[in-house]
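All residue numbers for the sequence shown refer to numbering that gives the first Met the number 0, where the first residue is 0 and numbers rise by one.
So the structure is just underneath, and the comments pick up after that.
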Amino acid sequence: MLKEAAYYARMAFYFGQFVRLAPVADARALIAETLQRRDEHFLDLVRTGVYGNPNSPLYDLLTMADCGFGDLASLVTTRGIEHALERLYDAGVYFSHAEVKGAPIVRRGRTIANTVGATRHPQSSGGIESISSGSRSAGITTPGSNAYRRYREAYESILLAELGAEDSITATLHSILPAPTALVYCAGEARRGRPVSRWFASGGSRRAAPYRVITRALIAEARLLGRQIPQPTLLADNDFSPVVEWIAGIRREGRGVLIRANASTTTRVCAAARESGRDISGTVFVTSGEPVSDAKRALLREVGARCYPRYVISELGTVGLACSKTSGNSVHWFCDSTAVIARRRTASFADAEVNSLLFTTINPHATRLLINAEMEDHAWLVRATHDCEFCRLGFTTILEDVHSFGKLTGHGLTLAGSDMIALLEERLPKAFGGVPGDYQLVECDGDRQSEVQLRVSPRVAPADLSPLLTYFLHEVRAMYGGALSERTWVQTSSLKVVAAEPYRTRNGKTLPLHLASLTERIRA
Ligand SMILES: [Zn+2]
Numbered sequence: 000m001l002k003e004a005a006y007y008a009r010m011a012f013y014f015g016q017f018v019r020l021a022p023v024a025d026a027r028a029l030i031a032e033t034l035q036r037r038d039e040h041f042l043d044l045v046r047t048g049v050y051g052n053p054n055s056p057l058y059d060l061l062t063m064a065d066c067g068f069g070d071l072a073s074l075v076t077t078r079g080i081e082h083a084l085e086r087l088y089d090a091g092v093y094f095s096h097a098e099v100k101g102a103p104i105v106r107r108g109r110t111i112a113n114t115v116g117a118t119r120h121p122q123s124s125g126g127i128e129s130i131s132s133g134s135r136s137a138g139i140t141t142p143g144s145n146a147y148r149r150y151r152e153a154y155e156s157i158l159l160a161e162l163g164a165e166d167s168i169t170a171t172l173h174s175i176l177p178a179p180t181a182l183v184y185c186a187g188e189a190r191r192g193r194p195v196s197r198w199f200a201s202g203g204s205r206r207a208a209p210y211r212v213i214t215r216a217l218i219a220e221a222r223l224l225g226r227q228i229p230q231p232t233l234l235a236d237n238d239f240s241p242v243v244e245w246i247a248g249i250r251r252e253g254r255g256v257l258i259r260a261n262a263s264t265t266t267r268v269c270a271a272a273r274e275s276g277r278d279i280s281g282t283v284f285v286t287s288g289e290p291v292s293d294a295k296r297a298l299l300r301e302v303g304a305r306c307y308p309r310y311v312i313s314e315l316g317t318v319g320l321a322c323s324k325t326s327g328n329s330v331h332w333f334c335d336s337t338a339v340i341a342r343r344r345t346a347s348f349a350d351a352e353v354n355s356l357l358f359t360t361i362n363p364h365a366t367r368l369l370i371n372a373e374m375e376d377h378a379w380l381v382r383a384t385h386d387c388e389f390c391r392l393g394f395t396t397i398l399e400d401v402h403s404f405g406k407l408t409g410h411g412l413t414l415a416g417s418d419m420i421a422l423l424e425e426r427l428p429k430a431f432g433g434v435p436g437d438y439q440l441v442e443c444d445g446d447r448q449s450e451v452q453l454r455v456s457p458r459v460a461p462a463d464l465s466p467l468l469t470y471f472l473h474e475v476r477a478m479y480g481g482a483l484s485e486r487t488w489v490q491t492s493s494l495k496v497v498a499a500e501p502y503r504t505r506n507g508k509t510l511p512l513h514l515a516s517l518t519e520r521i522r523a
């Protein structure tokens, strides 16, 4: 409770500070200048945040790799950042996904102490923290500096120009606190003189009541500072018709509509439009948090809407955005903020080979300093063959077919696979009988939204599955990011428990997590 109070006190402070920031005057000039000084920024970050900061686990990793600052600087200057990163990777300088989340680092038989805070840049200015939920891991949060949030708005300005949506009426469909996404987006747009018209959020449950109060308090804080943020319109569970009504009304006035949402919510809106027969054609959805599957795209086409994915990782910021010419789950990679190398590896949950991306933070405003951090995301790096606003800035590499292979991402939520496995393989069999392999969590693409199925082998499934569902949801709440997942699954009715044999991979393995859409995608 006290921890939560301190968390929201910090949020109110940094949110107030963010709301007061002046907007970026010239987005193109800012990005061009940052890009031009890419090598210099990276070396500055490493000099102050690693070589001058023995508390960073990277200090130990680089010492073990026998790489001094002079060695690194000369490698970067002569061969470039990405070449240097490949060499560092080979020498053991990298973070696995668990290590990014603070797990101890073991290299060459030595254990290096590590926490989430240890990779924070000591000179970072601090800022609004991202989601913190789950009692077992309370306090593990990723702050994003206000300076970096402001910098990232430059990308969004260019996206609007690229999509021809600068005069569109805007709305957001993201949830209220504890996730700060929508609140920060609305505040940013208000600062930039283009306030968001509507904020639709699901959040009808009684448990969300304290969050509604805090959300209202922060909106009041912004309004006192002269920034217009709409009060959230709370949607009753599973009812997206108010969003459709609103869009149809704007369409009748002949105005364009741009909505920020995750892919599942986007498809729910399109399905509601199809059911009601209302016209939402021309609506632009800018989505994030999960890939947009072919089934979801087909529905969007049917109602005449378009969607453009954003690729955002809380520890890294905006990795890339789609443009009007990219297709599928592809984005322009913003090489002024991160460096990327890739390696081929087997995705354990999908039993398939992937091109895993390793990220390094290089933006001077970055809050955390990570080198070769594996986020368990797959993509191909290809050169853009079209012309667009992003290409003209120098962002000519496309991350093609981005998707996650180590975690559940439905509804824009992220649950680490490793936490889930302990629940599926150890705690569920202990509580309800059976062995590892009898319980499997399947993420698949339903008709209208991403769905999650808990499959329980009929050998062990009780006649009444509801106590099992209650236990499962209770345990999920305790995970990092779990409270929000649990709430979303309940509100959108997207989690089902079924007595059915878990799926096997083509090699005959039964994996505790089965990401159906990914498996199909890689095999296709
Ligand atoms: Zn483009």
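C-beta atoms are modelled at their ideal positions from N, C-alpha and C, and glycine is treated no differently.
Quantities reported herein were computed from a predicted structural model and do not represent experimental measurements.
Quick check on DSSP: helix, strand or coil for Lys495?
strand
How is Tyr88 classed by DSSP in three states: helix, strand or coil?
helix
Nearest to Ala372 (by Cα), restricted to the options Glu165, Ile104 and Ala189:
Ile104
Where Ser134 falls, given that 16 or more other Cβ within 10 Å makes a residue buried
Unreliable placement is indicated for Ser134, whose pLDDT of 32 sits below 50; no coordinate value is reported for it.
Quick one: what does DSSP say Glu3 is sitting in, helix, strand or coil?
helix
Alpha carbons only, please: which of Thr266, Arg277 and Gly281 is nearest the one belonging to Lys295?
Thr266
Heavy atoms of ligand 1 versus C-beta positions, residues under 6 angstroms:
Cys322, Lys324, Thr325, His331, Ala383, His385, Cys387, Phe389 and Cys390
Buried/exposed call for Glu32, threshold 16 Cβ in 10 Å
exposed
Skipping 5 residues on each side, what residues in its chain have a beta carbon closer than 7 angstroms to that of Ala164?
Gly255, Leu257 and Val283
Quick one: Cα of Ala378 to Cα of Glu352, how far?
12 angstroms
Give the single residue among Ala272, Leu512 and Thr491 whose Cα lies nearest to the Cα of Leu234.
Thr491
With distance defined between alpha-carbon atoms, name the residue in Gly91, Asp43 and Gly143 nearest to Arg9.
Gly143
Limits of the alpha helix (DSSP H) - the one that Ser156 falls within
Asn145 to Leu162
Leaving out the 5 sequence neighbours to the left and right, which residues in its chain are closer than 8 angstroms to Leu224 when beta-carbon positions are compared?
Gly15, Val18 and Arg19
Does the distance from the CB of Leu84 to the CB of Thr366 come in under 8 angstroms?
no
CA nearest to the CA of Ala304, picked from Pro461, Gly436, Leu467 and Cys269
Cys269
Residues bridged to Trp488 [DSSP beta-bridge criterion]
In the DSSP output, where bridge partners are listed per residue, Trp488 has none listed.
Whether Arg191 touches Glu152 by CB criterion (8 angstroms):
yes
Looking at the secondary structure, which residues open and close the alpha helix (DSSP H) in which Thr266 lies?
Ala262 to Ser275
From what residue to what residue does the beta strand (DSSP E) around Ser287 run?
Val283 to Ser287
Within 10 angstroms of the Cβ of Lys100, are there 16 or more other Cβ atoms? Answer buried if so, exposed if not.
buried
Output needed for Gly187: all residues of its chain with C-beta closer than 6 angstroms, excluding positions within five of it in sequence on either side, in chain order.
Glu152
Given this structure, state the Cα-to-Cα distance separating Tyr556 from Ile127, to the nearest angstrom.
An answer regarding residue 556 cannot be provided, because it is not within the stretch 0 to 523 covered by the chain.
In three-state terms, what does DSSP make of Ala482?
helix
Does the count of Cβ pairs from the stretch 55-74 and the stretch 28-45 closer than 8 angstroms reach three?
yes
Look at the Cβ atom of Ser329, then the Cβ atom of Asp400, and state whether they are nearer than 8 angstroms.
yes
Give me the Cα-Cα distance between Glu314 and Leu472, rounded to the nearest whole angstrom.
26 angstroms
Is Ala181 buried or exposed, if buried means 16 or more other CB atoms sit within 10 Å of its CB?
buried
On the DSSP bridge assignment, give the partners of Asn354 in chain order.
Arg343
Where do the N-terminal and C-terminal ends of the beta strand (DSSP E) with Leu380 fall, by residue?
Ala372 to Arg382
Give the single residue among Arg226, Gly248, Ile249 and Thr214 whose Cα lies nearest to the Cα of Thr232.
Thr214
Given a cut-off of 8 angstroms, decide if Thr325 and Ile397 are closer than it, judged by their beta-carbon atoms.
yes
Have a look at Ala178, Phe94, Tyr184 and Phe333 and flag the residue whose alpha-carbon is nearest the alpha-carbon of Tyr154.
Phe333
Could you tell me the distance, in whole angstroms, from the CA atom of Arg344 to the CA atom of Val459?
34 angstroms
So for Leu20, helix, strand or coil by DSSP?
coil
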